[in-house]
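J.: Right, I'll just put the structure down here and ask away after.
Numbering (full-length UniProt numbering), first residue to last: 1 to 500.
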């Protein structure tokens, strides 16, 4: 009970209040009450019910997804009626506004409540209603092009891989041309928890979402409560005054071009062998230098060399494999193979398409070695060669799986599935002209990863990036958000350059 209260007090301490400067904007909008009201189809709800994951947790209303899935045909119609009436009236049941918070430990000291991430377990019927609204909102954002091409987080068909491919493609092209390039990783402290509700609603109205939807979302956000559940003990209910529940369909992502979402301010990265290594300020503080930084879980160093990432992936995979070896007495393929596939191989294959070709043979051998050891754990296969073990287990080598992934990704790009993921439109640039030269600065966004990238051959380029940093700081202040400056880093690409 005491542990749950401590965690709930900490999670509630980051909440913010209303932003008065946005209050007036919320009530403005077109005459939506004369428009055709939204409807919810019975077949649509039935499809959502049939796709429920039966092993997911239930919310405070104790309606289990397994029960709803098995009774999909019986409850689809009444739920569709409830959803439609709720959407049209704007009234949101109290149970849909409550959340049981379960915590996920990140890293650091376990006694520090700041090292835990809150995940909200909300009502399952409420989540289906959220999915219904989300489907309509995503369709509106796609038709109105609300989200820019450089946004990868919360965007259908775009992944960490597409984000990193687009980034690496742009940076390596500039470096190959001998251009000095600075990349600044940006993010905010607990953005999902601190963004004021009235600002969220005002942005929805500004981008032309219908009044039925914005009114429902406003009422869904108003009066929310949460409690923390730890080992069966529950804290008291606390009012949620800002943010959206992490883990719900309410995490729709950004609705405004050039805006920043949650994450960590990690700093600029300098590309090319003759980069002047400019220094930058964020909110009056200098951004610190670092030899490498993590970008969407991938370690990027100053030479864009993936060897460090492969070494880190192999280390994590070996650690997981060691836990399996020590914790499991059985060595049967029915036990070891599923554990390897779930706990070890994902470390080895995460964004493996970014690794190099034959010149990085050592990196591939390092990763392949983990799979060699894993297959040798299985009883009865110890005497076989690696190739025979793979055939016996019906597995491919990691090198073949990488080639398979490369071909799939290339096919998707050629077919146009990622046509917006690997390029930037002109609208995604902050374009600044200096004499006969043009400085282009891009802002690429992911869920918790935002990169500000610019060419800095001249001081004008450096000054352009600094001005954008100042503008982003002002934007954060207006929206009652703040950057996590303790984690700001500058990654210098290139060597032998003086730092200013």
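Beta carbons: idealized from backbone N, C-alpha and C, even for Gly.
(1) Write down the C-beta distance between residue 181 and residue 171 rounded to the nearest angstrom, noting that I regard them as a contact closer than 8 Å.
(2) Distance check for residue 187 and residue 263, CA to CA, integer angstroms please.
(3) Residue 368 by DSSP, collapsed to three states: which one?
(4) Flag this pair as yes or no: are the beta carbons of residue 136 and residue 152 separated by less than 8 Å?
(5) Just how far apart, CA to CA, sit residue 489 and residue 290?
(6) To which residues does DSSP link residue 146 through a beta bridge?
(7) What's the gap between the Cα of residue 68 and the Cα of residue 16?
(8) Taking its Cβ as the centre, do 16 or more other Cβ atoms sit within 10 Å of residue 201, making it buried, or is it exposed?
(9) Given this structure, state the Cα-to-Cα distance separating residue 192 from residue 213, to the nearest angstrom.
(10) Step through the CB atoms of chain C and report whether any lies within less than 8 Å of the CB of residue 488.
(11) Check residue 91 in the structure and name its three-state DSSP category.
(12) Alpha helix (DSSP H) containing residue 349: first to last residue?
(13) Going by beta-carbon coordinates alone, are residue 279 and residue 363 separated by less than 8 Å?
(14) Give the list of continuous beta strand (DSSP E) stretches no shorter than 3 residues that lie fully inside the UniProt domain "Reverse transcriptase" (109 to 249).
(15) Is it true that the CB of residue 225 sits closer than 8 Å to the CB of residue 97?
(16) Below 8 Å on the Cβ atoms is my contact criterion, and I expect residue 65 with residue 75 to pass it. Report the Cβ-Cβ distance as a whole number of Å.
(17) Give the single residue among 298, 347, 338 whose Cα lies nearest to the Cα of residue 507.
(18) Give the DSSP-derived three-state secondary structure of residue 318 in the structure shown.
(19) For residue 384 and residue 402, I'd like the C-alpha separation in whole angstroms.
(20) Output the boundary residues of the beta strand (DSSP E) element that contains residue 290.
(21) For residue 410 versus residue 228, is the C-beta distance shorter than 8 Å?
(22) From the DSSP output, which residues share a beta bridge with residue 100?
(23) Once you ignore the five residues that flank residue 425 on each side, which residues in its own chain have a CB closer than 6 Å to its CB?
(24) Just the Cα atoms here: how many angstroms apart are residue 380 and residue 397?
(25) With DSSP as the reference, label residue 310 as helix, strand or coil.
(26) Quick check: what's the CA-CA separation for residue 49 versus residue 100?
(27) Between the alpha carbons of residue 484 and residue 416, how many angstroms are there, rounded?
(28) Can you have a look at residue 11 and say buried or exposed, based on whether 16 or more other CB atoms are within 10 angstroms of its CB?
(29) By a C-beta neighbour count over all protein chains shown, 10 Å radius and 16 as the cutoff for buried, is residue 86 buried or exposed?
(30) Taking just the CA atoms, how far does residue 466 sit from residue 232?
(31) With a Cβ-Cβ cutoff of 8 Å, do residue 123 and residue 60 count as a contact?
(32) So, using beta-carbon positions, are residue 14 and residue 190 closer together than 8 Å?
(33) So the candidates are 326, 174, 342, 393; which of them puts its Cα closest to the Cα of residue 303?
(34) Considering residue 298, what are the terminal residues of the alpha helix (DSSP H) in which it resides?
T.: In terms of the structure at hand:
(1) For the purposes of this step, residue 181 is identified with residue 181 of the chain shown, where counting begins at 1. For the purposes of this step, residue 171 is identified with residue 171 of the chain shown, where counting begins at 1. Indeed they touch by this definition, with Cβ atoms about 6 Å apart.
(2) In the chain shown, residue 263 corresponds to position 263, counting from 1. In the chain shown, residue 187 corresponds to position 187, counting from 1. Note on residue 263: pLDDT 34, under 50, position unreliable in the model; the coordinate value appears next. Rounded to the nearest angstrom, the two C-alpha atoms are 4 Å apart.
(3) Along the chain shown, one-based indexing puts residue 368 at 368. If DSSP states are grouped into helix, strand and coil, residue 368 belongs with the helices.
(4) Residue numbering aside, residue 136 sits at position 136 when the chain shown is read from its first letter. Residue numbering aside, residue 152 sits at position 152 when the chain shown is read from its first letter. No, these two residues do not count as a Cβ contact at 8 Å.
(5) Sequence index remark: in the chain shown, residue 489 carries index 489 (1-based). Sequence index remark: in the chain shown, residue 290 carries index 290 (1-based). So the alpha carbons of these two residues sit roughly 6 Å apart.
(6) Counting from 1 along the chain shown, the entry for residue 146 is found at position 146. DSSP lists no partner for residue 146.
(7) Taking the chain shown and counting its residues from 1, the one referred to as residue 68 is at position 68. Taking the chain shown and counting its residues from 1, the one referred to as residue 16 is at position 16. If I take the Cα positions, the gap works out to 36 Å.
(8) Start at 1 with the first residue of the chain shown, and residue 201 comes out as number 201. Under this definition residue 201 is a buried residue.
(9) Your numbering for residue 192 matches position 192 in the chain shown. Your numbering for residue 213 matches position 213 in the chain shown. The straight-line gap from Cα to Cα measures roughly 20 Å.
(10) Looking at the structure shown, chain C is missing, and only one protein chain is on hand.
(11) Here the question's residue 91 lines up with position 91 in the chain shown. In the structure shown, residue 91 sits in coil (DSSP, three-state: anything other than H, G, I, E or B).
(12) In the chain shown, residue 349 corresponds to position 349, counting from 1. Residues 345 to 349.
(13) As a working note, residue 279 is residue 279 in the chain shown. As a working note, residue 363 is residue 363 in the chain shown. Contact: no.
(14) 116 to 122, 181 to 186, 224 to 230, 238 to 240
(15) Within the chain shown, numbered from 1, the residue matching residue 97 stands at position 97. Within the chain shown, numbered from 1, the residue matching residue 225 stands at position 225. Yes; because the gap between Cβ atoms is below 8 Å, this pair is in contact.
(16) Stepping through the chain shown from its first residue, residue 65 is reached at position 65. Stepping through the chain shown from its first residue, residue 75 is reached at position 75. Residue 65 to residue 75, Cβ: 12 Å. No contact.
(17) Not covered by the structure: residue 507. The range shown for the chain is 1 to 500.
(18) For this step, residue 318 is matched to residue 318 along the chain shown. DSSP places residue 318 in helix when its eight states are reduced to three.
(19) On the chain shown, residue 384 is found 384 positions in, with the first residue counted as 1. On the chain shown, residue 402 is found 402 positions in, with the first residue counted as 1. Cα-Cα distance, rounded: 24 Å.
(20) As a first step, residue 290 is located in the chain shown; it is residue number 290 there, counting from the start. Taken as a continuous stretch (DSSP letters only), the beta strand (DSSP E) holding residue 290 covers 288 to 290.
(21) On the chain shown, position 410 is the one that residue 410 refers to. On the chain shown, position 228 is the one that residue 228 refers to. Against a cut-off of 8 Å, the Cβ pair of residue 228 and residue 410 comes out as no contact.
(22) Counting from 1 along the chain shown, the entry for residue 100 is found at position 100. Answer is 121, 227.
(23) The residue you call residue 425 lines up with position 425 of the chain shown. For residue 425, the predicted structure reports a pLDDT of 41, less than 50, and the residue's modelled location is therefore unreliable. A value from the coordinates is still provided. Answer for residue 425: 149, listed in chain order.
(24) By 1-based counting over the chain shown, the position of residue 380 is 380. By 1-based counting over the chain shown, the position of residue 397 is 397. Near 20 Å, if we compare the C-alpha coordinates of residue 397 and residue 380.
(25) Residue mapping note: residue 310 aligns to position 310 of the chain shown, counting from 1. In this structure, residue 310 counts as helix in the three-state DSSP scheme.
(26) The count along the chain shown starts at 1 and reaches residue 49 at position 49. The count along the chain shown starts at 1 and reaches residue 100 at position 100. One C-alpha to the other measures close to 21 Å.
(27) Residue numbering aside, residue 484 sits at position 484 when the chain shown is read from its first letter. Residue numbering aside, residue 416 sits at position 416 when the chain shown is read from its first letter. Cα to Cα, residue 484 sits roughly 37 Å from residue 416.
(28) Walking along the chain shown from the start, residue 11 turns up at place 11. That one is buried.
(29) Working through the chain shown from its first residue, we reach residue 86 at position 86. Buried, by the Cβ-count rule.
(30) In the chain shown, residue 232 corresponds to position 232, counting from 1. In the chain shown, residue 466 corresponds to position 466, counting from 1. When rounded, the distance between both Cα atoms is 50 Å.
(31) Taking the chain shown and counting its residues from 1, the one referred to as residue 123 is at position 123. Taking the chain shown and counting its residues from 1, the one referred to as residue 60 is at position 60. Yes.
(32) Position 14 of the chain shown, counted from the first residue, corresponds to residue 14. Position 190 of the chain shown, counted from the first residue, corresponds to residue 190. Taking 8 Å as the Cβ cut-off, residue 14 and residue 190 qualify as a contacting pair.
(33) In the chain shown, counting from the first residue as 1, residue 303 sits at position 303. It is 174 whose Cα lies nearest to the Cα of residue 303.
(34) Numbered from 1 along the chain shown, position 298 holds the residue referred to as residue 298. That residue, residue 298, is in no alpha helix (DSSP H); its beta strand (DSSP E) goes 298 to 301.
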